[in-house]
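Colleague: Sharing a structure here in structure tokens format.
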Amino acid sequence: MLKAKLGSMAIACMLGCVSLSPVYAFAAETNTESITLSENNQSQQEKRAAFDDAMKKATEKWNSLSESQKAEVYSLIENEMKAEIKLMDKFAELGMIGKDDATALKARMMDRFSKMKSSGDFPLARPKGSK
Numbered sequence: 001m002l003k004a005k006l007g008s009m010a011i012a013c014m015l016g017c018v019s020l021s022p023v024y025a026f027a028a029e030t031n032t033e034s035i036t037l038s039e040n041n042q043s044q045q046e047k048r049a050a051f052d053d054a055m056k057k058a059t060e061k062w063n064s065l066s067e068s069q070k071a072e073v074y075s076l077i078e079n080e081m082k083a084e085i086k087l088m089d090k091f092a093e094l095g096m097i098g099k100d101d102a103t104a105l106k107a108r109m110m111d112r113f114s115k116m117k118s119s120g121d122f123p124l125a126r127p128k129g130s131k
């Protein structure tokens, strides 16, 4: 019994001594550059400007298309929307989404499409007033 007490006391003392020693942590050295937040924002702004420029050119091209070409694109979009509506119906049938939610989503999709088609807007452009 005395040996067990002395043994546990010795282990406690060793742990105490180890806990008093300083702890060192070394960071891994990497060969990557760090960027500041302002550099990241500038990069994002440049990407945004390039995207906006590409969208402007695409919109100009869209506006130069004939009505039959535009009608063909709208027809393809309408076919895609019909497939999405079938998908929403299937999700509702399987109980993945509620029937009311599916109905609301379908109504919103059809409304957005009809507004886009009636105004003749470029299909990939953001609706005016949104960012």
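Note that the working numbering numbers the sequence shown so that position 5 is 5, with each residue one more than the last.
Note that beta-carbon positions come from the ideal geometry of N, C-alpha and C, so glycine has one too.
1) Could you give the residue range of the alpha helix (DSSP H) that holds methionine 81?
2) Using a threshold of 8 Å, state whether the C-beta atoms of alanine 107 and glycine 98 are closer than that.
3) Taking a contact to mean a Cβ-Cβ separation below 8 Å, would you say isoleucine 85 touches phenylalanine 113 in this structure?
4) Between the Cα of glycine 120 and those of Glu72, Leu105 and Ala104, spot the shortest distance and give me the residue it belongs to.
5) At which residues does the alpha helix (DSSP H) containing aspartate 100 begin and terminate?
6) Can you tell me whether alanine 102 is buried or exposed, with buried defined as 16 or more other CB within 10 angstroms of its CB?
7) Among the residues of its own chain, which have a CB less than 7 Å from the CB of tyrosine 176, if the five just before and after it don't count?
Modeller: A quick look at the data gives this:
1) In the sequence shown, counting from the first residue as 1, residue 81 sits at position 81. Its alpha helix (DSSP H) spans residues 67-93.
2) For the purposes of this step, residue 107 is taken as residue 107 along the sequence shown, with counting starting at 1. For the purposes of this step, residue 98 is taken as residue 98 along the sequence shown, with counting starting at 1. Result no, Cβ atoms of alanine 107 and glycine 98 do not sit closer than 8 Å.
3) As a working note, residue 85 is residue 85 in the sequence shown. As a working note, residue 113 is residue 113 in the sequence shown. Not a contact, by the Cβ cut-off of 8 Å.
4) The residue labelled residue 120 in the question sits at position 120 within the sequence shown. It is Glu72.
5) On the sequence shown, position 100 is the one that residue 100 refers to. Note, aspartate 100: alpha helix (DSSP H), 99-119.
6) Translated into the one-based positions of the sequence shown, residue 102 becomes position 102. Per the 10 Å Cβ criterion, buried.
7) Outside the shown range of the chain (1 to 131) lies residue 176, about which nothing can therefore be said.
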